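Reviewing the structure listed below.
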Amino acid sequence: MFWTYWSRYSLIGSSSSTSTLHAPRPITGAISAFFRDGRHFQIVFLILFLTYGLAVLRWDLDPVKVALTFATCTLTEFVLGRLTGKGPDGLKSAWISSLSLTLMLKTNLGWAVVLAAFLSIASKFLIRYKGKHIFNPTNFVEDAMRRTHRWAERS
Numbered sequence: 226m227f228w229t230y231w232s233r234y235s236l237i238g239s240s241s242s243t244s245t246l247h248a249p250r251p252i253t254g255a256i257s258a259f260f261r262d263g264r265h266f267q268i269v270f271l272i273l274f275l276t277y278g279l280a281v282l283r284w285d286l287d288p289v290k291v292a293l294t295f296a297t298c299t300l301t302e303f304v305l306g307r308l309t310g311k312g313p314d315g316l317k318s319a320w321i322s323s324l325s326l327t328l329m330l331k332t333n334l335g336w337a338v339v340l341a342a343f344l345s346i347a348s349k350f351l352i353r354y355k356g357k358h359i360f361n362p363t364n365f366v367e368d369a370m371r372r373t374h375r376w377a378e379r380s
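Going by this note's numbering, the letters in the sequence shown line up with residues 226 to 380, in that order.
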């Protein structure tokens, strides 16, 4: 990342005649952890976008469906993560998927929300290339559900 590069190679305490390259000074604490993982920025942006939609644009969201989405994504990530040996760090991806589904998938069918949430996370574990998922699983599932069943038009 730019921040790591800049702090590693910046000239600190240099004068015009001599320049000394100092070792990087790590940013400590929670700020350092936040900047190390790009998913934190995704989570913050999605929360801000959702908050703006609810507060300013007056979106109507069913809290039960939001809870179902978060519960299904988190539980699926936890179970499949345990089965494949992936640590709890994958829960951030589940929260990103939950927020994305909350923003994109509009349906009146509770089971459709659960199915979409499960397929989002499960496809991330099943469809892989060189150890990584090859597409955005939430967008893939949301698009597939829209195309096959047109649930978005019923809400």
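For each residue, glycine too, the CB sits at the ideal point set by N, CA and C.
Bear in mind that the values here come from a model prediction, so they are computed numbers and not experimental data.
For residue i, which of helix, strand or coil comes out of DSSP?
{"i": "residue 331", "result": "coil"}
{"i": "residue 283", "result": "coil"}
{"i": "residue 311", "result": "coil"}
{"i": "residue 358", "result": "strand"}
{"i": "residue 231", "result": "Only weak support is given to the placement of residue 231: the predicted model assigns it a pLDDT of 43, under 50, and the question is left unresolved by the model."}
In its own chain, which residues sit with a C-beta less than 6 Å from the C-beta of residue i, not counting the 5 before and 5 after it?
{"i": "residue 299", "result": "319"}
Looking only at C-alpha atoms, which of the options sits nearest to residue i?
{"i": "residue 371", "options": "306, 340, 349", "result": "340"}
{"i": "residue 420", "options": "263, 259, 287, 257", "result": "What is shown of the chain runs 226 to 380, which leaves residue 420 out entirely."}
{"i": "residue 275", "options": "260, 264, 291, 262", "result": "291"}
{"i": "residue 364", "options": "354, 310, 342", "result": "342"}
{"i": "residue 297", "options": "256, 321, 285", "result": "321"}
Looking only at its chain, what residues have a beta carbon closer than 7 Å to the beta carbon of residue i, apart from the 5 residues adjacent to it on each side?
{"i": "residue 347", "result": "301, 305"}
Taking residue i and residue j to be in contact with their CB atoms under 8 Å, please state how far apart those CB atoms are, rounded to whole angstroms.
{"i": "residue 345", "j": "residue 316", "result": "That belief does not hold up - the Cβ atoms of residue 345 and residue 316 are roughly 14 Å apart, past 8 Å."}
{"i": "residue 294", "j": "residue 257", "result": "With 8 Å as the limit, residue 294 and residue 257 do not qualify as a contact, their Cβ atoms being about 31 Å apart."}
{"i": "residue 388", "j": "residue 328", "result": "Because the chain here runs from 226 to 380, residue 388 falls outside it and cannot be looked at."}
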